[in-house]
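Be aware that the first sequence starts at 226, since it is given in my numbering, and climbs by one per residue.
Here's the structure we're looking at; comments come further down.
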Amino acid sequence: MQMSQLVFKSLRESPSEAEAKSHQLLLRAAYIRRLASGVYSYLPLGLKVLSKVSQIIREEFDRVGAQEVLLPALHPLEIWESTGRAEKMSDVLIHVETKGGSFVLGPTHEEAVIEAVHQDLSSYRDLPAIVYQIQTKFRDEPRSRYGLMRTREFIMADGYSFDADQEGMRSSYRKIYEAYNNAFGRIGIPFEAVEADSGAIGGDVNHEFMSPADIGEDHYAKCPQCDYRANIEAARRRVAIPAILKNLDELPEMSFHYTPDAPGVDIAVEAITKLGVPLTAAEMLKCLVAKDAAGNLFMLLVPGDREIRVPSGLTLLLDDEFEQFPFLYKGFIGPMSAQTNGMSVIADYSVAAKMIFATGGNKAGYHVSGAVLGRDFDVDEFQSLVVVREGDPCPNCGEPLELVRSVEIGHTFQLGLAYSSLLPQASFTGSDGEQYPYFMGCYGIGVTRLIAVIAEHFSDEKGLCWPVSVAPYEVVVVPLGASRSAEVQDTAQSIYNELLGLGVETLIDDRKLSPGVSLADVDLMGIPLEVIVGSKSLAEGCVEVKLRSDGTVLKVGLVDAVSLVTERLRKLK
RNA sequence: CGGGAAGUGGCGCAGUUUGGCAGCGCGCAGCGUUCGGGACGCUGAGGCCGCGGGUUCAAAUCCCGCCUUCCCGACCA
């Protein structure tokens, strides 16, 4: 490709809207252009990268036996109503009214894929099957940001597996897990698979693939000692529970304190301390009330200095929901007699370790101190209920955990029967002639987000710096002063032709520009290998081969130039 | 949805305080001189100053309303 023909013009300064490095560079080097907030066009260079990333993912899906399909982006509203997700995911759904009825733009494709394949997977003989697509998704993000990082329209590679039983599902899951590791490995970015929370999609075991990055919006806990890795939303910590519990008889009585204007933990601690009972936030019991889908109430107990991690399946009560329960005094809730009021009590393990707490008095304006586990309140179940912090003990080995800022680039779910149990058509006939629901899995890679992550990771002060696996071109030939020197012109042209002839994806900067501009543009663009042809080195019978990633330049004789380039390319791959 | 900042030629910005010819740098077009790391001279094109209303002899500038964009937070398969 001749750069004079390429739809490309670099920007010397980045548009003020761009904050993240990847966003700035992708705009400056003419890979993408913004159409609206969180909506981007891919220019020729951007599309080349997108195609390469997609192709790697495609090959790895294919390698484990998944079959590519293409599902619609436009979904009849009814299929979303059929699983209740028109309601559940209403925040992100973009609605489209047409002469033919109400539609939504697909943010994900569980319903659509079932509609697409269930006729063809109607017998146990048809299973297992994995299909995938690489397609545009639409989500009405409340806050798109960081260029391709979080957008309202983005491309995802999403796979769906269909199995006859749980063991089959696990086996399909392992295949995709492997495919993901291979795909991210080929691209060459750092990543780790971590245990994850299943969130709104629901289901059983799942993993997130995280890539550490400064612009990451997620954190995961990592144990430096063992292989424990978990998303902050799923991470647990170890709590040591003393073997000998305190003797109840020797403990102080529970006493009430009048703390009228002290609903939160911090001000309650202050108020109670002022009343002559010194206290820290850690000695306070934070009591939150949540409900499950069936409307059952749960009281969740964590130490006052910790943030709660709400178990999946539960949601905290909203303000107006509190009013439905006269025994709940918001800001003054305590665990005493929770069971009598129909609540199950779930406490963090650390509650069992400490046993004595100050907490809400279950009366407006009152707190208590000296509430003792097993005497003044009871716990139905202990769990790890707090959001882990840097330094918390690893649940496996007890070493202090580290928190890593990262970007979610992929997610794999074992859905089990979560969707197939809701949709009668999501079933097959077993060998006994009965109908059974599919055991499903679903898997997603944010392809366009990946581009942002790659750009973020592979860039320096000069610009982008793509790994060969996804670079828009492998080599760029840069003649310096070609308009003044027929020799430079001819040499560059013949190297270019020769590389093209060998099937190397090559670009030549045939624009009539001064050398500084040309070299700066080419660096900004981030092509892995630059072949610089100038009169100075030509006088010695040489050209220069520059490795963009580390800036090293190798002078090489004319006759060896092409073979050196192809050899270096081979090494880089 | 809450808090903050900003919208002036393709990009970056000044001008708004104190109303009075719409400017600068980059980019773009032409000519010439340059030429191994974003060169220079001359000439030129390109603007509904986000949109709508109001005040005024006069509005980029003051007032009211709206829209858009970005940042922080809430949210997030």
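The beta-carbon is built from N, C-alpha and C at its ideal position, and this holds for glycine as well.
Going by CA-CA distance only, name the one from 595, 633, 596, 570 that's closest to residue 607.
-> 570
Are at least three pairs of beta-carbons, each pair with one atom in the segment 637-648 and one in the segment 667-682, less than 8 Å apart?
-> yes
Length at least 4, wholly inside the segment 287-354: the alpha helix (DSSP H) runs in chain order | 302-307, 310-313, 335-342
Roughly how many angstroms separate the alpha carbons of residue 531 and residue 524, rounded to a whole number?
-> 16 Å
For residue 518, which of 539, 510, 375, 447 has the nearest alpha-carbon?
-> 539
Within the same chain, show all residues whose beta-carbon is closer than 8 Å to that of residue 321, passing over the 5 residues directly before and after it, in chain order.
-> 299, 327, 328, 329, 330
Locate the alpha helix (DSSP H) running through residue 718, then write down its first and last residues.
-> 711-726
Go ahead and pull the three-state DSSP assignment for residue 495.
-> helix
Would you list the residues sitting across from residue 433 in a DSSP beta bridge?
-> 419, 636
Mind checking who residue 594 pairs with in its DSSP beta bridge?
-> 480
In terms of residues, what are the limits of the alpha helix (DSSP H) holding residue 674?
-> 672-682
Residue 245, enclosing alpha helix (DSSP H) - first and last residue = Neither: residue 245 is in no alpha helix (DSSP H) and is coded neither H nor E.
What's the gap between the Cα of residue 279 and the Cα of residue 357?
-> 12 Å
Is it true that the segment 245-262 meets the segment 676-691, where meeting means three or more beta-carbon pairs spaced less than 8 Å apart?
-> yes
Please confirm whether any heavy atom of the ligand PLP lies closer than 7 Å to the CB of residue 627.
-> The model on display carries no ligand, and the ligand PLP is accordingly not part of it.
Evaluate contact between the segment 742-755 and the segment 773-789, counting only Cβ atoms and requiring at least three cross-stretch pairs below 8 Å.
-> yes
Are the CB atoms of residue 352 and residue 389 nearer to each other than 8 Å?
-> yes
Do the segment 582-597 and the segment 506-515 make contact, defined as three or more Cβ pairs closer than 8 Å?
-> yes
Consult DSSP for residue 689 and reduce its assignment to one of helix, strand or coil.
-> strand
Measuring alpha carbon to alpha carbon, tell me which of 350, 336, 420 ends up nearest residue 656.
-> 350
Got a sec? Which residues, its chain only, sit under 6 Å from residue 240 by beta carbon, not counting five neighbours each side?
-> 252
For residue 362, count neighbouring Cβ atoms within 10 angstroms of its own Cβ and tell me buried if that reaches 16, exposed if not.
-> buried
Which ranges does the alpha helix (DSSP H) cover as unbroken runs of at least 4 residues, wholly within the segment 560-619, from first to last along the chain?
-> 574-579
Can you tell me whether DSSP reads residue 409 as helix, strand or coil?
-> helix
From which residue to which residue does the beta strand (DSSP E) around residue 763 run?
-> Where residue 763 is concerned, there is no enclosing beta strand (DSSP E), although the alpha helix (DSSP H) it sits in stretches over 760-764.
Given 8 Å, three or more beta-carbon pairs between the segment 618-635 and the segment 498-506 | no
Measure from the alpha carbon of residue 706 to the alpha carbon of each residue in 334, 734, 696, then state which is nearest.
-> 734
Own chain residues within Cβ distance below 8 Å of residue 405, not counting five before or after = 285, 418, 434, 635, 637, 668, 670
How would you call residue 521, buried or exposed, if buried means at least 16 neighbouring beta carbons within 10 angstroms?
-> exposed
What residues in its chain sit with their C-beta under 7 Å from that of residue 553, if we drop five residues either side in the sequence?
-> 514, 547
Residue 739 classed as buried or exposed, judged by whether at least 16 other C-beta atoms fall within 10 angstroms | exposed
Do residue 593 and residue 482 have their CB atoms nearer than 8 Å?
-> yes
Assign residue 616 to buried or exposed, taking buried as 16 or more other Cβ atoms, counted over all protein chains shown, within 10 Å of its Cβ.
-> exposed
Would you mind working out which of 753, 385, 527 sits nearest residue 341, comparing C-alpha positions?
-> 385
By DSSP, does residue 258 sit in helix, in strand, or in coil?
-> strand
When you compare only the Cα positions, how much space is there between residue 447 and residue 631?
-> 12 Å
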